[in-house]
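In the working numbering, the protein residues as written are 451 to 691.
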Amino acid sequence: MSSDSATQLHPEPQGTDLAAKLNWLRAGVLGANDGIVSVAAVVVGVAGVTTNNGPILAAGLAAVVGGAISMALGEYVSVSSQSDSQKDLIAKETRELREQPAEEFEELVGLYTHKGLSEETARTVAKELTENDPLRAHLDIELGIDPEEIVSPWHAAFASAVSFLIGSILPMLTILLAPASFRVPLTFVIVLIALAITGWVGAWIGGGSRGRASFRVVIGGAIALAATFGLGSLLGTTGIA
451 MSSDSATQLH PEPQGTDLAA KLNWLRAGVL GANDGIVSVA AVVVGVAGVT
501 TNNGPILAAG LAAVVGGAIS MALGEYVSVS SQSDSQKDLI AKETRELREQ
551 PAEEFEELVG LYTHKGLSEE TARTVAKELT ENDPLRAHLD IELGIDPEEI
601 VSPWHAAFAS AVSFLIGSIL PMLTILLAPA SFRVPLTFVI VLIALAITGW
651 VGAWIGGGSR GRASFRVVIG GAIALAATFG LGSLLGTTGI A
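The following block contains the structure:
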């Protein structure tokens with residue numbers, strides 16, 4: 451089988467598809483990162499007040515559930531706005547194609563000419579694309595939208611909540627299963643290692659500097675843990691909590 455035939459049978463993924471998948475993966479990594487930091491900060495703060503597992507478990511579970519719901523709601527609202535905007539643009543383009551097809555065709559020709567094609571070639575391309583699927587042709591060149599890939603707010607909300615829950619498992623298990631005498635320093639170490647990994651993976655997906663990204667995430671996480679543990683210890687020693 452020739453290489454051309456193989457390419458036709460197994461086409462390479464489109465750039466937009468790959469970019470969308472990478473964005474979802476990166477969002478999942480960031481959600482897990484949020485779960486690690488926020489839940490670890492809560493349980494470490496409570497551990498600064500008491501060594502009893504009961505209050506730590508209650509506070510940790512509250513942070514897990516509240517954080518996951520908050521992440522899901524935030525993602526749902528954000529993606530719903532994006533989805534509504536895309537649907538409005540598609541409806542507008544559909545209406546314009548129905549009411550003024552000639553003007554829309556000339557607009558398509560102009561867009562391809564602007565991209566560097568000769569007018570003759572641009573007209574040929576516009577004609578063939580319009581005959582095949584005029585709406586898709588206009589949405590692609592004008593707005594960069596694929597009508598079959600409208601983002602789902604429910605999927606985004608679910609993915610965000612799940613990634614947060616996955617990230618929150620690590621600090622919860624560490625603080626609850628480790629002996630009371632060194633549970634806090636062990637949680638610090640485990641959490642900072644996990645943050646270094648998520649920072650590295652996030653930068654790898656986004657194409658940024660992995661070392662700098664890991665360093666920033668680790669420093670931010672260390673500050674959050676130190677602040678909440680210090681506050682918890684202060685409340686515990688003063689008898690306020």
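For glycine and all other residues, C-beta sits at the position ideal for the given N, C-alpha and C.
Taking Cβ to Cβ, would you say residue i is nearer than 8 Å to residue j?
i, j, result
"G671", "V641", "yes"
"A522", "V489", "no"
"F614", "A518", "yes"
"W650", "A630", "no"
"P597", "I540", "yes"
"I655", "L475", "yes"
"G661", "G498", "no"
"L547", "P584", "yes"
"G481", "G652", "no"
"V492", "T678", "yes"
How is residue i classed by DSSP in three states: helix, strand or coil?
i, result
"Q532", "helix"
"F679", "helix"
"S618", "helix"
"A456", "Any answer about A456 is weak, because its pLDDT of 41 lies below 50 and its placement is not dependable; what the coordinates show is given next. Here A456 sits in helix by DSSP."
"K565", "coil"
"I673", "helix"
"G594", "coil"
"F693", "Because the chain here runs from 451 to 691, residue 693 falls outside it and cannot be looked at."
"N503", "helix"
"L684", "helix"
"S610", "helix"
"V601", "coil"
"A513", "helix"
"D583", "coil"
"F555", "helix"
Give the straight-line distance between the Cα atoms of residue i and residue j, rounded to the nearest whole angstrom.
i, j, result
"P505", "V496", "7 Å"
"L626", "S520", "24 Å"
"P635", "A477", "29 Å"
"H605", "E569", "42 Å"
"G657", "G594", "22 Å"
"R633", "S535", "48 Å"
"S683", "V612", "31 Å"
"G566", "T574", "14 Å"
"A576", "K542", "19 Å"
"K537", "Y526", "16 Å"
"A676", "R666", "15 Å"
"M622", "N503", "11 Å"
"N483", "E553", "49 Å"
"G516", "G485", "11 Å"
"H588", "G524", "31 Å"
"H564", "E549", "24 Å"
"L440", "S531", "As shown, the chain starts at 451 and ends at 691. That puts residue 440 outside it, with no answer to give."
"P551", "R586", "14 Å"
Which whole-angstrom value is the C-beta distance of residue i and residue j, which I expect to be below 8 Å?
i, j, result
"V479", "A674", "Rounded, the Cβ-Cβ distance is 18 Å, inconsistent with contact."
"V494", "T637", "6 Å"
"S533", "I600", "6 Å"
Taking 7 Å as the cut-off, is the C-beta of residue i nearer than that to any heavy atom in the ligand MN?
i, result
"E543", "Among the ligands in the structure shown, none appear at all, so the ligand MN cannot be discussed."
Would you say residue i reaches chain E, if we count a Cβ-Cβ gap shorter than 8 Å as a contact?
i, result
"G682", "Annotation note: the requested chain E is absent from the structure, which comprises a single protein chain."
Tell me whether the segment 576 to 587 and the segment 556 to 566 touch, counting them as touching only if at least three CB pairs, one residue from each stretch, are closer than 8 Å. The segment 576 to 587 is in contact with the segment 556 to 566.
Counting pairs of beta carbons, one from the segment 635 to 654 and one from the segment 507 to 516, are three or more of them closer than 8 Å? no
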